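All remarks here apply to the structure that follows.
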Amino acid sequence: MAHGVLFLVRTAVLLSVGAAHVFGGPLSVRSLSLQAKFAALNETVGGRLYAAGPWELPCFSEYNGTAVTPDEAACAIVQDNYTDPFTRVMHFGAYMMPQWETCQAESPNAGCLLNLSDPTDSDAFDGVDCQLGNIPSYYIDVRYPSDVQAALNFSEMTGIKLSVKNKGHDYKGRSSGKGTLALWVTNLNSISHSDSFVPEGCSTGYDAITIGPGAITEDIYEYADSINRTFIGGYHQTIGAGGGYFLGGGHSVLSPVYGLAVDRVIQVKVVTPDGQYVTANECQHPELFFALRGGGGSAWGVVFESTHRLAPQVTLQVASIGFTEHANSSNLADWYELLVNETYRFGTEGWGGHIVGPTIIYVNPLLSNAEANASMQAVVDFALGQGGTAVVEELPSYLTFFSKYVTLAEAVVGPEIILGSRLISTSLFDNEVGRTTLSNTIKSVLPFASPYIVVGTPFLYNYTVGTTSVTPAWRDSLWHLSIHSEWVWNSTVEYIAEQYTAVTQHAQLFRDITPGSGAYFNEGDVYEPNHTYSYWGENYEILRDIKEFYDPKGLLDCWQCVGWTGADDPLYECFVEL
Ligand SMILES: Cc1cc2nc3c(=O)[nH]c(=O)nc-3n(C[C@H](O)[C@H](O)[C@H](O)COP(=O)(O)OP(=O)(O)OC[C@H]3O[C@@H](n4cnc5c(N)ncnc54)[C@H](O)[C@@H]3O)c2cc1C
76 MAHGVLFLVR TAVLLSVGAA HVFGGPLSVR SLSLQAKFAA LNETVGGRLY AAGPWELPCF
136 SEYNGTAVTP DEAACAIVQD NYTDPFTRVM HFGAYMMPQW ETCQAESPNA GCLLNLSDPT
196 DSDAFDGVDC QLGNIPSYYI DVRYPSDVQA ALNFSEMTGI KLSVKNKGHD YKGRSSGKGT
256 LALWVTNLNS ISHSDSFVPE GCSTGYDAIT IGPGAITEDI YEYADSINRT FIGGYHQTIG
316 AGGGYFLGGG HSVLSPVYGL AVDRVIQVKV VTPDGQYVTA NECQHPELFF ALRGGGGSAW
376 GVVFESTHRL APQVTLQVAS IGFTEHANSS NLADWYELLV NETYRFGTEG WGGHIVGPTI
436 IYVNPLLSNA EANASMQAVV DFALGQGGTA VVEELPSYLT FFSKYVTLAE AVVGPEIILG
496 SRLISTSLFD NEVGRTTLSN TIKSVLPFAS PYIVVGTPFL YNYTVGTTSV TPAWRDSLWH
556 LSIHSEWVWN STVEYIAEQY TAVTQHAQLF RDITPGSGAY FNEGDVYEPN HTYSYWGENY
616 EILRDIKEFY DPKGLLDCWQ CVGWTGADDP LYECFVEL
């Protein structure tokens, strides 16, 4: 694990740079006493307090206005691995969507980005001042609940805000934050299994896996496979499944049959913002457990471990169908229309998957191979008719599917990408009028972007009403549809603002045809209108009460989270004002 320079060694930097960051001004008597408080904190957390720095810094010769010596060898590693998630997760100062490392409101150059299309492009770093941007000033490499308790005390004492980072996949900048002290949970990465796990205070046992937030999804899949089980998780190798993923909902291509991550979690150990280390489940602290099942990352404290029901090893039918090289605006619109028309039936048959423009990768744990082929025939015929390819095959396990398909198809990291999304209601698929409305809406956005569609709602899952806090719209939808846009390393703040606005406007077309529905907290529009209703629906009122109970001093705040202080809070100075 690559760390920043040890805090105590960096005393001079703290005094001249760090304190200025925290207070936005020159060194003062107050910052001298702050220095002592930081030193005390460092001692309390066993020397695991670090000054943060951008991952890309070795390429630059200037840092926050001061000359520094570039390190060519280290820079080459950054350049070679700019889109490699496994490298990014190792560095505190790297995020999957690197715009969250930058102070977007001060763009261009309020960060330390390289040129994604050519990371060796010296225009991005020669004579450019690399800045800490939106990366937290300091972080604690969290190992024990007492680390978090010390940080909460420190925050209360100094007024310095906290942030929580795990693997850095957040689409809305909730794991970074200028001037914050971050709690980096990446090293809490244990994985264990019990075939008779009984949540504390309960009596029913489950076949379950217990994971630290820092355990990456691919490792969990491999572990589950090694004991002939299936873990229901996301479509990317390095997501921290026991962190933001499940806290916000957590969809999988197997969710249509096996439910969302919030449906499968049975116990969570968390340090709440009031400093308690709590074990929450259906039998003890049930209201907190409800909040942790979809109320969103970091608002409820810092999760140390979570336990999730496993599924047995499953044989899967996999349909990988597409016509990428032959796609055009006309056949793409027809393709989406065909998929809209087939989706209700697919839902009743148990299919889940992803639609990425002219390709689909779907899986089904319920059908035989003959049934899967028959089910997909119209889609296969369409793709082959465009000169494309089609495979409908049976694979022996989820891990086989993940290794063969997902590692090649998963979303790329490294671009400055943003999303706007909507849960598309069942009522737009189960009748002719609805289908026509949806197909026409998709057609109208194609000139802007091809929607990325996750067929990952818990359509067949037997849900117990009231057990999770995600918007109930998840239970009555068949698609989680997103529209995206992006910018580049040197885009202006005006251009960035235009992209945010355009995404919100295009997502609005889907909001308009799905009144009363919602959106996915983890993959939402940064500027989601009416976000409390979109993410939690009628659950928001109770969530706000639970938040006030566990965080009476408002020590943990994040963008559009439960109890959010709002965009005017100085904590959000790096978010673009639209
Ligand atoms: C390439 C890519 C693919 C994705 N695919 C999927 C998918 O298939 N299914 C899906 O549902 N989602 C998917 N997502 C979204 C993903 O689940 C969320 O971004 C998730 O929050 C990532 O968690 P993280 O720990 O990796 O990220 P971070 O950015 O480190 O954390 C995300 C949020 O969770 C909070 N948090 C993290 N750990 C803790 C903790 N221990 N305690 C309290 N709060 C914590 C952070 O403060 C932050 O608010 C994808 C995202 C990306 C970038």
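For the sequence shown, this note's numbering assigns the number 76 to the initial residue and increments by one for each residue that follows. Note that beta-carbon positions come from the ideal geometry of N, C-alpha and C, so glycine has one too. Values in this document were obtained by computation on a predicted structure and should not be read as measured data.
Would tryptophan 175 and aspartate 216 qualify as a contact pair, given that the criterion is a beta-carbon distance under 8 Å? no
Quick check on the DSSP output: the alpha helix (DSSP H) that includes glycine 422 runs from which residue to which? 404–424
Nonlocal neighbours in the same chain, by C-beta distance under 8 Å from asparagine 228, ignoring five residues either side: So the qualifying residues of the chain are Gly350.
Please find out if some non-hydrogen atom of ligand 1 comes closer than 7 Å to the beta-carbon of isoleucine 284. The closest heavy atom of ligand 1 lies 7 Å or more from the beta carbon of isoleucine 284.
Rounded separation between histidine 96 and glutamate 147 - CA only: Caution applies to histidine 96, whose pLDDT of 35 falls short of 50 and renders its modelled position unreliable; the value that the coordinates give is listed next. Straight-line Cα distance between these residues: approximately 28 Å.
Rank Ile528, Val488, Tyr608 by C-alpha distance to the C-alpha of threonine 313 and give the top, closest one. Val488
Where do the N-terminal and C-terminal ends of the alpha helix (DSSP H) with lysine 622 fall, by residue? 615–625
Among Gly202, Trp562, Glu231, Trp410, nearest to alanine 142 - alpha-carbon criterion: Gly202
Taking the C-alpha atoms as reference points, what is the distance between glutamine 580 and threonine 195? 35 Å
Closer than 7 Å to a non-hydrogen atom of ligand 1 - does that hold for the CB of glycine 315? yes
In chain order, which continuous runs of the alpha helix (DSSP H) of length 4 or greater are located wholly inside the region 173–255? Every unbroken stretch of the alpha helix (DSSP H) spanning 4 or more residues and falling wholly within the region 173–255 is given here in chain order: 220–233.
Within 7 Å: the Cβ of arginine 497 and any heavy atom of ligand 1? no
Let me check one thing: in DSSP terms, what residues is alanine 355 bridge-paired to? For alanine 355, which the question treats as bridged, DSSP gives the partners Val343.
Over what stretch of residues does the beta strand (DSSP E) that includes serine 267 continue unbroken? 266–272
DSSP-derived helix/strand/coil call for serine 552: strand
Less than 7 Å between the CB of leucine 322 and some heavy atom of ligand 1, yes or no? yes
Is any non-hydrogen atom of ligand 1 found closer than 7 Å to the C-beta of valine 378, if you look at the structure I gave you? yes
Does the Cβ of proline 43 lie closer than 7 Å to at least one heavy atom of ligand 1? Residue 43 is absent from the structure shown; the chain starts at 76 and stops at 653.
Shorter than 7 Å, the distance from the beta carbon of cysteine 633 to the closest heavy atom of ligand 1, or not? Yes, ligand 1 has a heavy atom inside 7 Å of this Cβ.
Segment contact flag, the region 168–188 with the region 316–331, C-beta cutoff 8 Å, min 3 pairs: no
Quick check: glycine 638 and alanine 374, are their CB atoms within less than 8 Å of each other? yes
Quick one: what's got a C-beta closer than 6 Å to leucine 363's C-beta in the same chain, skipping five residues either side? Ala355
Closest to alanine 111 by CA distance: which of Met232, Trp564, Gly376, His311 is it? Out of Met232, Trp564, Gly376, His311, Met232 has the C-alpha closest to the C-alpha of alanine 111.
Does at least one heavy atom of ligand 1 sit under 7 Å from the Cβ of aspartate 600? No, ligand 1 has no heavy atom inside 7 Å of this Cβ.
Is any heavy atom of ligand 1 found at a distance shorter than 7 Å from the C-beta of valine 239? yes
Which whole-angstrom value describes the C-beta separation of valine 345 and phenylalanine 379, a residue pair presumed to lie in contact below a C-beta threshold of 8 Å? 7 Å
From threonine 119 to tyrosine 213, what distance separates their C-alpha atoms? 15 Å
Between which two residues does the beta strand (DSSP E) holding glutamine 583 run? Note, glutamine 583: premise wrong, no beta strand (DSSP E); alpha helix (DSSP H) at 568–587.
Could you name the residues that DSSP lists as bridge partners for threonine 285? For threonine 285, which the question treats as bridged, DSSP gives the partners Ser267, Thr382.
I need the DSSP call for serine 106, collapsed to helix, strand or coil. helix
Looking only at its chain, what residues have a beta carbon closer than 8 Å to the beta carbon of phenylalanine 476, apart from the 5 residues adjacent to it on each side? Leu391, Val393, Val438, Leu470
Start-end ranges of the beta strand (DSSP E) lying completely within the region 481–559, minimum 3 residues: 491–500, 527–530
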